[in-house]
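Structure record follows, encoded as structure tokens.
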Ligand SMILES: Nc1ncnc2c1ncn2[C@@H]1O[C@H](COP(=O)(O)OP(=O)(O)O)[C@@H](O)[C@H]1O
Ligand SMILES: [Mg+2]
């Protein structure tokens, strides 16, 4: 018995060190970013001098960022952020629950619902936005709703597929150990699908933000979308680019946070 | 019915006088239109080790699921401790699944704990009892590892510890050592036997290994191909406690010959 144990321990490889390869990969990654920025600066100072849409990084960081730091524009940024956060919170809660319910209640329900949700996922939502504005009015509510509709569909699809695929014996053994319905969902199905679910939340986060931003760009009176449209109309490249960069940065940060949680939740894989 | 009253004609009269803990009477089991077992009748007395043996796919696991309350019989009755089984009874019966059904996201210790968690045991008591159960199967020092970090034999012992941690007196084991080589299997089987005798457990053990059944059991129920029917119930003539040397006795060989004969009949049909 000790023999089998020691051999199994030896099979556990220690965590690999930061190797020369990782260092090279990192150097390449950040090197590429620096080269691209330098290229961007060079193009904007040369062939694309004084164009209306792409300012050089030096002007984006000075004039652009200064413009966004003004209270009215910070408000616009906050409006989009709060709309996104509200939409994402709704997506995370409703989408997870809906996905678990559709995946676990009955096989027939799962198969039927999967077809419907797959079609919905393939549909472009943009043409429906005017309907949202008609139903919910101009402003916050229709923008949040548009963010929700973009984010929730992939999360539901991923969660329901993962939870329908949880091994039946894992659940049967829970039943044999006396787990009630709630315990089976909370202590077996949920942890089993958590890594997939967080992956789904990552997709949902960027799509929710896209939905909110699209809403603000199409029919709205405030927020980042409106700010962007105004800069385009006034030929203000630096503030426009600065705002776009900030939005991109926000997406990267959200994604990194969720990846961190994802790695923690799938340590066992 | 008469088969249930006199399951083994050769056994001492005193044993027959004891009330069976498990009695399976004229049980037929099916999955939808597929009949998996037909007219099974056997019983198990307190402290007894009974093996179900038969070709794979014949319905051994199915029979075990019926005793465990995970599958309702189509006809006939399963009676455990005097009352008909209508669902899982975690305080009386614990179950080790054929594929172990360990929760891959839980450490070995927390896999054992979950049996107690479903039973509402406090987290402190859970922890100590789980550690004790793991120590009893020789895994005292790997409680923090995930199942994926354990060898096949260690995973099997975690599953057994999870079944032993509850106070249930009946243990249903579905080919717990199937993935192991013959020597390891018989060694772990022997250790398991000692452990079970210490705990005074009543065991129904599914296997397709003749020598394993002969080495471990008090009685062997031999099943035919699907739908499973009982071909014979054999009382093992070997004395207890068993020792590897038991396998060199003449009785052991004549028993395995007899089993081979019973099972080989089917292969020709
Ligand atoms: N969930 C299920 N649905 C339909 N058929 C099943 C299911 N589980 C088992 N069966 C069928 O029932 C028969 C008996 O299976 P099982 O009890 O697992 O056999 P054994 O454990 O003896 O190998 C097999 O033919 C198998 O295909
Ligand atoms: Mg089986």
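Protein chains in written order, with this note's numbering: chain A, 1058 to 1326; chain B, 16 to 284.
The beta carbon of each residue, even a glycine, is placed where N, CA and C say it ideally should be.
- By the Cβ criterion, the segment 93 to 109 of chain B is not in contact with the segment 1204 to 1223 of chain A, since fewer than three pairs of Cβ atoms, one from each stretch, lie closer than 8 Å.
- In this structure the segment 116 to 135 of chain B touches the segment 177 to 185 of chain B; the number of beta carbon pairs closer than 8 Å is three or more.
- The Cβ atoms of residue 83 of chain B and residue 123 of chain B do not sit closer than 9 Å to each other.
- Shown here, residue 234 of chain B sits in a strand according to DSSP, grouped into three states.
- With contacts defined as CB atoms closer than 9 Å, residue 1094 of chain A and residue 1296 of chain A fail to qualify as a contacting pair.
- Going by DSSP, residue 1317 of chain A is part of no beta strand (DSSP E) but of the alpha helix (DSSP H) stretching over 1294 to 1322.
- Around the Cβ of residue 162 of chain B, a 10 Å sphere holds 16 or more other Cβ atoms; the residue is buried.
- When C-alpha distances from residue 1199 of chain A are compared across A/1255, A/1238 and A/1268, the shortest belongs to A/1268.
- Contact check for residue 1265 of chain A and residue 1145 of chain A: beta-carbon distance about 5 Å, within the 8 Å limit, so the pair qualifies.
- Contact of residue 1325 of chain A with chain B by beta-carbon distance below 7 Å involves 119, 120, 161 and 163.
- Those residues having their beta-carbon less than 7 Å away from any non-hydrogen atom of ligand 2 are, in chain order, B/71, B/75, B/76, B/113, B/189, B/190 and B/221.
- Residue 220 of chain B and residue 49 of chain B do not touch by the CB rule: their CB atoms are close to 25 Å apart, not below 8 Å.
- In summary, residue 73 of chain B is buried, with 16 or more beta-carbon neighbours lying within 10 Å of its beta-carbon over all protein chains present.
- 80, 83, 84 and 85: these are the residues of the segment 66 to 86 of chain B whose beta carbon lies less than 9 Å from some beta carbon of chain A, given in chain order.
- At a cut-off of 9 Å, the C-beta of residue 106 of chain B has a neighbouring C-beta in chain A.
- For residue 69 of chain B, the Cβ falls inside the 8 Å cut-off from some heavy atom of ligand 1.
- Annotation: residue 80 of chain B to residue 86 of chain B spans about 6 Å, alpha carbon to alpha carbon.
- Short of 6 Å from the beta carbon of residue 1143 of chain A, and not among the five residues preceding or following it, lie these beta carbons of its own chain, in chain order: 1201.
- Taking a C-beta cut-off of 8 Å against chain B, the contacting residues of the segment 1220 to 1234 of chain A are 1224, 1226, 1227, 1229, 1230, 1231, 1232, 1233 and 1234, listed in chain order.
- Those residues of the segment 124 to 146 of chain B placed with their C-beta closer than 8 Å to a C-beta in chain A are 129, 130, 132, 133 and 134, ordered along the chain.
- Approximately 10 Å separates the beta-carbon atoms of residue 1114 of chain A and residue 1102 of chain A; this is outside 8 Å, ruling out the contact.
- Under DSSP, no beta-bridge partner is assigned to residue 244 of chain B.
- Contact annotation for residue 114 of chain B against chain A: 1226 [CB-CB distance below 7 Å, chain order].
- Residue pairing by DSSP puts residue 45 of chain B in a beta bridge opposite B/50.
- Counted as a single uninterrupted DSSP element, the stretch harbouring residue 1245 of chain A is not any beta strand (DSSP E), since DSSP gives it neither H nor E.
- For residue 188 of chain B, the three-state secondary structure derived from DSSP is strand.
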